[in-house]
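Chemist:
Residue numbers (the UniProt record's numbering): 1 to 408.
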């Protein structure tokens, strides 16, 4: 290195030392500032590895922030209350997994009145003594409490929550109320939500924030559909989405909803479970909504959401197009299932739609050494050879999975 270059480096280092000293309030020279303040390092081998703790394995992590999003009216709040009811009595989770131990729940809702929420909890068999609503904040200057503001009162909430050693779940509905500034600005969202994330980590309780989908976002990645800044989904370790749609085909189709995993960097990030909303009388003249959970679902959240949100006409067109695609592909003989799935995706068909087309056409599948092969029945194969391919659609549809799914 040339002498002038070395001198320039020394001068730059001196400026950095002086800046560091000024940042830390050191009024001495640059050398003493550098000596008094240094970046602390930790060797990776000294870091203690800790497994992820789950309340609901694969769906609701303890001590972490989870977002539950969906369109209005799909039952997001009732889903959250179902989780609370399960936790309050250590009942089995909707997918059959075990709840390790009962725990307390804190709920703040700016959407529904407490009597409505209490009726839903009772309808789902919750231990109401383990569930508490955040009512407000005591004001020593007045006889009545101020309204609780998640964007302002999180430190007070943590002080209160610390007196509940069995607290396992905090529900905030809607989570956008925890943002003191503009919910569409990433920096303001992160700054507002960080105290809530830290609260969950320090107390070891899951924090579940409920929010809506933005209008006009159908077809996009589920995490991108969350209202407000992308920071909501980025800050959450788990993102769940709910939607209402149709399950099944034709006259056998019935209205059902889906709860899906849209994002997770600590566990599975696909699949979900079906559900329906029902009502029952919980007291004289009082009804409460409850969740009837259905079967587990396989597939990506984007694919399953598109299927669930498709209209009946969309479903019929998509299935017809998938049948035409599959007939054309298999007209001249069997082909590997992996190849067919890949080509179907490029043509705009979901895996679930392709499997429904397979069932409608009576396609045979046979396990070979290299994987699964699909072939048309003899009659359909002859007809397919003489038929003209139809235009292909781009919309998938929702249908039941095979009992033993083939591995593509």
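Ideal Cβ placement from N, Cα and C applies to all residues, glycine included.
Source: prediction; values computed, not measured.
1) Suppose only complete runs of 4+ residues qualify. What are the alpha helix (DSSP H) ranges in the stretch 227-306, listed by chain order?
2) Output needed for residue 382: all residues of its chain with C-beta closer than 7 Å, excluding positions within five of it in sequence on either side, in chain order.
3) Taking DSSP as the reference, what is the three-state secondary structure of residue 76?
4) Quick check for students: name the residue ranges of the alpha helix (DSSP H) that lie wholly in the stretch 142-188, counting only runs of 4 or more.
5) In terms of residues, what are the limits of the beta strand (DSSP E) holding residue 211?
6) Looking only at its own chain, which residues have a Cβ that is under 8 Å from the Cβ of residue 227, when we skip the five neighbours before and after it?
7) For residue 161 and residue 203, which I take to be in contact (beta-carbon distance under 8 Å), what is that distance rounded to the nearest angstrom?
8) For residue 215, which of helix, strand or coil comes out of DSSP?
9) To the nearest angstrom, how far is the alpha carbon of residue 56 from that of residue 297?
10) With 16 other CB atoms within 10 Å as the buried threshold, where does residue 242 fall?
11) Which residues does DSSP list as the beta-bridge partners of residue 447?
12) Might you give, ordered along the chain, the residues of its own chain that have their beta carbon closer than 6 Å to the beta carbon of residue 239, omitting 5 neighbours on each side?
13) The alpha helix (DSSP H) spanning residue 116 covers which residue range?
14) From this set, 42, 110 and 64, which residue's C-alpha is nearest residue 51's C-alpha?
15) Label residue 349 either buried or exposed according to how many other C-beta atoms from any shown protein chain fall within 10 Å of its C-beta, with 16 as the threshold for buried.
16) Compare the Cα-Cα distances from residue 235 to each of 200, 258 and 259 and report the closest residue.
17) Just to check my reading of the structure: residue 124 and residue 290 have Cβ atoms closer than 8 Å, yes? What is that Cβ distance to the nearest angstrom?
18) Is the number of C-beta pairs between the stretch 277-284 and the stretch 101-109 that are closer than 8 Å three or more?
19) For residue 74, collect the residues of the same chain with a Cβ closer than 7 Å to its Cβ; drop the 5 residues on either side in sequence, then sort them by chain order.
20) For residue 320, name the three-state secondary structure that DSSP assigns.
21) Are residue 178 and residue 131 touching if we call contact CB-CB under 8 Å?
22) Could you check which residue in 165, 88, 269 and 99 has the C-alpha nearest to that of residue 121?
23) Under 7 Å Cβ to Cβ from residue 137, same chain only, skipping five residues before and after it: list those, please.
24) Hey, would you say residue 376 sits closer than 8 Å to residue 330, going by beta carbons?
25) Between 328, 61, 286 and 293, which lies nearest to residue 115 when the distance is taken from Cα to Cα?
26) Are the Cβ atoms of residue 354 and residue 365 separated by less than 8 Å?
27) If the criterion is Cβ atoms closer than 8 Å, does the pair residue 218 and residue 309 meet it?
28) Once the 5 residues before and after residue 139 are set aside, which same chain residues still bring their CB inside 6 Å of it?
29) Consult DSSP for residue 109 and reduce its assignment to one of helix, strand or coil.
30) For a test of the three-state rule: what should DSSP assign to residue 59, helix, strand or coil?
31) Put residue 371 into one of helix, strand or coil per three-state DSSP.
32) How far does the beta strand (DSSP E) with residue 132 in it extend, from its first residue to its last?
33) In chain order, what residues of the same chain lie with their CB nearer than 8 Å to the CB of residue 385, ignoring the 5 residues before and after it?
34) With residue 230 and residue 192 assumed to form a contact (beta carbons below 8 Å), what rounded beta-carbon distance in angstroms separates them?
35) Spatial neighbours of residue 267 within its chain, please: CB distance less than 6 Å, with the 5 preceding and 5 following residues excluded, ordered by chain position.
36) Looking only at its own chain, which residues have a Cβ that is under 7 Å from the Cβ of residue 265, when we skip the five neighbours before and after it?
Modeler: The answer reads as follows:
1) 231-235
2) For the purposes of this step, residue 382 is identified with residue 382 of the chain shown, where counting begins at 1. Residue placement at residue 382 is flagged as unreliable, the pLDDT there being 47, under the threshold of 50; a coordinate-derived value is accordingly withheld.
3) Within the chain shown, numbered from 1, the residue matching residue 76 stands at position 76. Correct three-state label for residue 76: helix.
4) 154-161
5) As a first step, residue 211 is located in the chain shown; it is residue number 211 there, counting from the start. It spans 206-212 - the beta strand (DSSP E) in which residue 211 sits, taken as one unbroken run.
6) As a first step, residue 227 must be located in the chain shown, where it is residue number 227. Answer for residue 227: 69, 176, 183, 211, 212, 213 and 214, listed in chain order.
7) On the chain shown, position 161 is the one that residue 161 refers to. On the chain shown, position 203 is the one that residue 203 refers to. The Cβ separation is near 6 Å, so the contact holds.
8) Taking the chain shown and counting its residues from 1, the one referred to as residue 215 is at position 215. Coil at residue 215, not helix or strand.
9) As a working note, residue 56 is residue 56 in the chain shown. As a working note, residue 297 is residue 297 in the chain shown. Whole-angstrom Cα-Cα distance: 16 Å.
10) Here the question's residue 242 lines up with position 242 in the chain shown. Buried, by the Cβ-count rule.
11) No statement about residue 447 is possible, as the shown extent of the chain runs from 1 to 408 and does not include it.
12) On the chain shown, residue 239 is found 239 positions in, with the first residue counted as 1. Cβ neighbours of residue 239 beyond the five flanking positions: 67, 223, 233, 262 and 263.
13) Sequence index remark: in the chain shown, residue 116 carries index 116 (1-based). Per DSSP, residue 116 belongs to the alpha helix (DSSP H) from 114-123.
14) Working through the chain shown from its first residue, we reach residue 51 at position 51. The shortest Cα separation from residue 51 among 42, 110 and 64 belongs to 64.
15) Translated into the one-based positions of the chain shown, residue 349 becomes position 349. Label assigned to residue 349: buried.
16) Within the chain shown, the letter at position 235 stands for residue 235. Measuring from the Cα of residue 235, the nearest candidate turns out to be 200.
17) Your numbering for residue 124 matches position 124 in the chain shown. Your numbering for residue 290 matches position 290 in the chain shown. Indeed they touch by this definition, with Cβ atoms about 5 Å apart.
18) no
19) The sequence position of residue 74 within the chain shown is 74, counting from 1. Counting only Cβ-Cβ distances below 7 Å, and skipping sequence neighbours, we find 242, 243, 244 and 257.
20) Position 320 of the chain shown, counted from the first residue, corresponds to residue 320. Correct three-state label for residue 320: helix.
21) The residue labelled residue 178 in the question sits at position 178 within the chain shown. The residue labelled residue 131 in the question sits at position 131 within the chain shown. Their beta carbons are not under 8 Å apart, which means residue 178 does not touch residue 131 by this criterion.
22) In the chain shown, the residue the question calls residue 121 occupies position 121. The shortest C-alpha separation from residue 121 is found at 88.
23) Walking along the chain shown from the start, residue 137 turns up at place 137. Closer than 7 Å at Cβ, skipping near neighbours: 145, 146, 148, 153 and 156.
24) Mapped onto the chain shown, residue 376 falls at position 376. Mapped onto the chain shown, residue 330 falls at position 330. Going by C-beta atoms, residue 376 is nearer than 8 Å to residue 330.
25) Here residue 115 refers to the residue found at position 115 of the chain shown. Cα-wise, what sits closest to residue 115 is 286.
26) Taking the first residue of the chain shown as position 1, residue 354 is located at position 354. Taking the first residue of the chain shown as position 1, residue 365 is located at position 365. For residue 354 and residue 365, no; Cβs fall outside 8 Å.
27) Counting from 1 along the chain shown, the entry for residue 218 is found at position 218. Counting from 1 along the chain shown, the entry for residue 309 is found at position 309. Yes.
28) Indexing the chain shown from 1 puts residue 139 at position 139. Taken in chain order, the residues that qualify are 146.
29) Here residue 109 corresponds to residue number 109 of the chain shown, with the count starting at 1. Residue 109: strand per DSSP, three-state reduction.
30) Position 59 of the chain shown, counted from the first residue, corresponds to residue 59. Residue 59 falls in the coil class under three-state DSSP.
31) If you number the chain shown from 1, residue 371 lands on position 371. Strand.
32) Position 132 of the chain shown, counting from 1, holds the residue named residue 132. Its beta strand (DSSP E) spans residues 131-133.
33) Along the chain shown, one-based indexing puts residue 385 at 385. Caution is warranted here: a pLDDT of 49 is assigned to residue 385, below 50, making its placement in the model unreliable, and no coordinate value can be reported.
34) The residue labelled residue 230 in the question sits at position 230 within the chain shown. The residue labelled residue 192 in the question sits at position 192 within the chain shown. 15 Å between Cβ atoms; not a contact.
35) As a working note, residue 267 is residue 267 in the chain shown. Only 58 meet the Cβ criterion.
36) Here residue 265 corresponds to residue number 265 of the chain shown, with the count starting at 1. Closer than 7 Å at the Cβ level, and outside the excluded window around residue 265, lie 237.
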